[in-house]
Amino acid sequence: MKPLRSFVMAGLLAAAVGGMATAGNAGPTVGDCQECHGDKTIEMTMPDGTVRSLFVDGKAYRSSTHGKAACTACHVDAKAPHGKLSPVSCGRCHTEAAKSYAQSTHGIVRAKGNPDVPGCGDCHGKHDIRKVQDPMARTFRLNIVGVCLECHEDRVIEERYDLPDEKMMAAYRESVHGMASRKSGLLGSAVCTDCHGNHLILPGDQPRSATHRQHIPSLCGKCHSGILEKYERSVHGKGMRAGIAESPVCTDCHGEHTITKISDPASSVYVKNVPRTCSACHDKEAISSRYALPKKRFSSYMDSFHGIALEYGMTKAANCASCHAFHDILPASDPASPVNKANLPRTCGKCHPNAGENFAKGMIHVEVSPEKAMGVFAVRVFYTIFIGTLVTLFVLHVAMDLLGRHRRGKAKAGKTEG
Amino acid sequence: MSANDKKESKQDTLEREVESVVDEETAGLDPAEAGRIREKVRARVLEEVERERRIRTAAERRAEERRRREEKRRERLHEEGEMFERFNRNFRFQHIVMFTSVIILVITGMPIKFPEFVLSRFLVNMWGGIHNATIVHRIGAGMLIYFMVHHLFYTVFSRQGRRDFILLIPTPKDARDAVQNVRHFLGKTGEKPRFGRFSYIEKFDYWAVYWGCVIMIGSGVFLWGEEIVLKFFPKYVLDVAHEMHSDEAMLATLAIVIWHFYNVHFNPDRFPGTLMWWHGQISEHEMKEEHPLEYEEIMAKRSKQKAAEVPNP
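If you read the protein sequences in the order shown, they are chains A and B.
The first sequence begins at 1061 in this note's numbering and counts up one residue at a time.
The second sequence begins at 62 in this note's numbering and counts up one residue at a time.
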């Protein structure tokens, strides 16, 4: 080897080493890590015997939102050969999210070291994290339901943490919101995070929770704002604003995960199911006494032709909402209420054309009692006595006739034998 | 000459005739050929004769059966005696219209009173839903209204109708009959009360229908034309009509099922019912049993007629 050549070689080598050294100072590059972690077979046996793959898909990482960053941006203590790395802390950059998460029910339980509870990576992914707006992201609107249900559809987890039945969770898929996002791919449809929040998820019974009763109307109103406006004007909305917890909010009538179209017979607000939905509260003695509401609304409705026809499937028969309205329901004493005496002819006239003021004379919910409906009561009492007496006489007459025949038959038989 | 002999001789003549024809036709042929044809013809003729015999016996069998039935009827007539016409054709027609309409009204109306009853849903769905059931109920109502009008005209303009109506008016005798009948049932007296054309039981049935029709048609018409009714009356009038319609329906159904069905169809004398509503006939035997006074009246009238006929031949 010629000295000059070897000198040049040495110089180049030194430069290369120097370059590597500078690179080393900045920590290993993605390529460096990939030298080991790009190998699909690389794995580690955990203390409890399970085998865990240490493979990192370089391609997926590079196309992720963090793809331009070095591994060490998250794995701060990574160097050439390394043992167990310290856990990744997303909060170093995403401070707001980490703060919210720490206050959420997931965050609180995870802080106790419970591995069942999702951390950042369980929802957002690890090396393949993409932006929420990216249709390939795990947290993209159309994908997030699947991510949440990974755990919440698991019976073991639901039971371990005393969460609602896994079927209740999965019912979302069949709900009107679930169908809209799953089948029609509508981005406007509500997904888990729209109602429950994303990082700051709390159980519905906590006042800070997005799904606490007090927040439900405004929560649903984020999308259904026209209806929220009507609801706020209603007696239920006013009650809710006044802090009466028993005042119904959207979910009390429509359901939560099970919300379906009103045209679906399974919906709690389907025409045939409306009376039962309303009477869940209005047939309760406690509620009607506490708020001085008229009683026997359900039974008197079910005794009327409207109620019976509806039971037999005549969907055009009037249900509660046909007369009382639904979102903008008001007490009969309110002049704006459709069941105010002054408005009854118009309300009845929706189905009974030419309805006049006589419609309002008398009870619509006929309660058969001397004070409420004397005429009907008198007729009923008369017939009860009349039918009772006549039927008793009929039966006695028939019974005596049969008895007489029996006795005479026996006497005759005795005579012929004797 | 018995029928059998006659048949045989007829067969003989037929055979002879056929044979002569065959002889004539086969005259020119050689004997072996002629014999074969003769055999063939004989077999064919026998077959034909057998077929005819079979057809004739079937017809005879049917005739025989008819004769037997006729005889049985005559025998029974002998036992039951003469048949009297209890209900004329007009009256029978009215009854058929009425019970058809009542059955329709009950099966379409009761499910509305008792939606929880097991058959209710079936009875409503049978018509294709509650809306159709209400239409069928109105058809039944129309029939009942027609019956009512028909019967009123019958009562006023028909001689039989007028006569029956007067006989149906309750009298003190009915009360006595009822008491005696109960005493008879209980074995206090051996004598059955002697009824006229209509017993107190039948009178009750008749007036129950009268009362029922007035209430049901009256309240039903109110409910039918509710929108017109509400122009003139307040709603609580309609509520009362509704209650009356519903309660009276219950009473009418119970009266029919317990009183009418037992006394007319299911009591041990009649079980499982009679066809009197169809043919309107009552036998002499039944007449003497159940309507002795009417029977005597008819007999008295007849003998008077006969007596009147004899002097001027």
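Glycine residues also receive a C-beta, built at the ideal position from the N, C-alpha and C atoms.
Note that the structure is a prediction, hence the values are computed from the model and not measured.
Keeping to the same chain, check which residues put their C-beta closer than 7 Å to that of residue i; ignore five residues upstream and five downstream.
| i | result |
| --- | --- |
| Arg-130 (chain B) | none |
| Pro-1391 (chain A) | Val-1295, Ser-1397 |
| Gln-72 (chain B) | Val-110 |
| Ala-1081 (chain A) | Legend: pLDDT at Ala-1081 (chain A) = 44, less than 50; position of this residue unreliable, value from coordinates given subsequently. Within the same chain, Ala-1081 (chain A) has no close Cβ partners at all. |
| Ala-1242 (chain A) | Contrary to the premise, residue 1242 (chain A) reads as Arg rather than Ala in this sequence. So the qualifying residues of the chain are Arg-1233. |
| Phe-332 (chain B) | none |
| Ile-278 (chain B) | Leu-205, Ile-206, Met-209 |
Is residue i near residue j, with beta carbons less than 8 Å apart?
| i | j | result |
| --- | --- | --- |
| Phe-226 (chain B) | Thr-216 (chain B) | yes |
| Cys-1150 (chain A) | Cys-1180 (chain A) | yes |
| Gly-201 (chain B) | Thr-232 (chain B) | no |
| Leu-229 (chain B) | Lys-264 (chain B) | yes |
| His-1317 (chain A) | Ser-1328 (chain A) | no |
| Glu-1431 (chain A) | Ser-1360 (chain A) | no |
| Glu-351 (chain B) | Phe-259 (chain B) | no |
| Pro-176 (chain B) | Glu-1371 (chain A) | yes |
| Pro-1335 (chain A) | Cys-1310 (chain A) | no |
| Leu-291 (chain B) | Asn-1418 (chain A) | yes |
| His-1166 (chain A) | Val-1148 (chain A) | no |
For residue i, is the classification buried or exposed, using 16 other Cβ atoms within 10 angstroms of its Cβ as the cut-off for buried?
| i | result |
| --- | --- |
| Trp-320 (chain B) | buried |
| Asp-235 (chain B) | buried |
| Phe-1446 (chain A) | exposed |
| Ala-1083 (chain A) | Only weak support is given to the placement of Ala-1083 (chain A): the predicted model assigns it a pLDDT of 45, under 50, and the value that follows is read from those uncertain coordinates. It is exposed - the Cβ of Ala-1083 (chain A) has fewer than 16 other Cβ atoms within 10 Å. |
| Tyr-1161 (chain A) | buried |
| Ala-88 (chain B) | exposed |
| His-1142 (chain A) | exposed |
| Leu-1114 (chain A) | exposed |
| Gly-1478 (chain A) | With a pLDDT of only 41 at Gly-1478 (chain A), under 50, the local geometry of the prediction cannot be trusted, and no value is derived from it. |
| Gln-1094 (chain A) | buried |
| His-303 (chain B) | buried |
| Tyr-271 (chain B) | exposed |
| Thr-1101 (chain A) | exposed |
| Cys-1411 (chain A) | exposed |
| Arg-1268 (chain A) | exposed |
| Val-275 (chain B) | exposed |
| Asp-1108 (chain A) | exposed |
| Pro-1308 (chain A) | buried |
| Val-82 (chain B) | exposed |
Please list the terminal residues of the continuous alpha helix (DSSP H) segment that includes residue i.
| i | result |
| --- | --- |
| Phe-208 (chain B) | 191 to 218 |
| Gln-1163 (chain A) | 1155 to 1163 |
| Thr-314 (chain B) | 296 to 315 |
| Glu-1095 (chain A) | 1090 to 1097 |
| Thr-1311 (chain A) | 1310 to 1314 |
| Ser-1294 (chain A) | Per DSSP, Ser-1294 (chain A) belongs to no alpha helix (DSSP H) and is neither H nor E. |
| Lys-362 (chain B) | 353 to 370 |
| Met-187 (chain B) | It is not in any alpha helix (DSSP H) - Met-187 (chain B) carries neither H nor E in the DSSP assignment. |
| Tyr-267 (chain B) | 261 to 285 |
| Met-1229 (chain A) | 1226 to 1230 |
| Glu-242 (chain B) | Before going further, note that residue 242 (chain B) is Asn rather than Glu in the sequence given. Taken as a continuous stretch (DSSP letters only), the alpha helix (DSSP H) holding Asn-242 (chain B) covers 233 to 246. |
| His-1237 (chain A) | 1236 to 1242 |
| Ala-1340 (chain A) | 1334 to 1342 |
Spatial neighbours of residue i within its chain, please: C-beta separation below 6 Å, excluding the five flanking residues on both sides.
| i | result |
| --- | --- |
| Gly-1238 (chain A) | Tyr-1232 |
| Val-1111 (chain A) | Glu-1103, Thr-1105 |
| Asp-238 (chain B) | Pro-254, Tyr-261 |
| Tyr-356 (chain B) | Met-348, Lys-349 |
| Ala-269 (chain B) | Ala-316 |
| His-1284 (chain A) | none |
| Ala-1378 (chain A) | His-1366 |
Leaving out five residues on either side along the sequence, give the residues of the same chain with a beta carbon under 8 Å from the beta carbon of residue i.
| i | result |
| --- | --- |
| Leu-375 (chain B) | In the structure displayed, chain B extends from 62 to 374; residue 375 (chain B) sits before or after that span and is not available. |
| Gly-251 (chain B) | His-245 |
| Leu-90 (chain B) | Ile-98 |
| Gly-1079 (chain A) | With a pLDDT of only 46 at Gly-1079 (chain A), under the threshold of 50, the placement of this residue in the model should not be trusted, and no figure is reported. |
| Leu-1145 (chain A) | His-1135, Asp-1137, Ala-1138 |
| Gly-1469 (chain A) | none |
For residue i, report the span of its beta strand (DSSP E) as first-last.
| i | result |
| --- | --- |
| Ser-344 (chain B) | 342 to 344 |
| Phe-145 (chain B) | 144 to 146 |
| Glu-1103 (chain A) | 1103 to 1105 |
| Ser-1113 (chain A) | 1111 to 1113 |
With a threshold of 7 Å, establish whether the CB of residue i neighbours any heavy atom of the ligand ZN.
| i | result |
| --- | --- |
| Phe-1446 (chain A) | Annotation note on the ligand ZN: not contained in the displayed structure, which lists no ligands. |
| Meets three-Cβ-pair contact criterion under 8 Å: the region 1349 to 1356 of chain A and the region 147 to 165 of chain B | no
| said: Check whether the region 1189 to 1196 of chain A and the region 1108 to 1127 of chain A are in contact - that is, three or more C-beta pairs closer than 8 Å. | reply: yes
| query | Do the region 1152 to 1171 of chain A and the region 1257 to 1268 of chain A touch if we need at least three Cβ pairs shorter than 8 Å? | reply | yes
| request: Please determine if the region 1370 to 1390 of chain A and the region 1286 to 1294 of chain A are in contact, where contact requires at least 3 C-beta pairs separated by less than 8 Å. | output: yes
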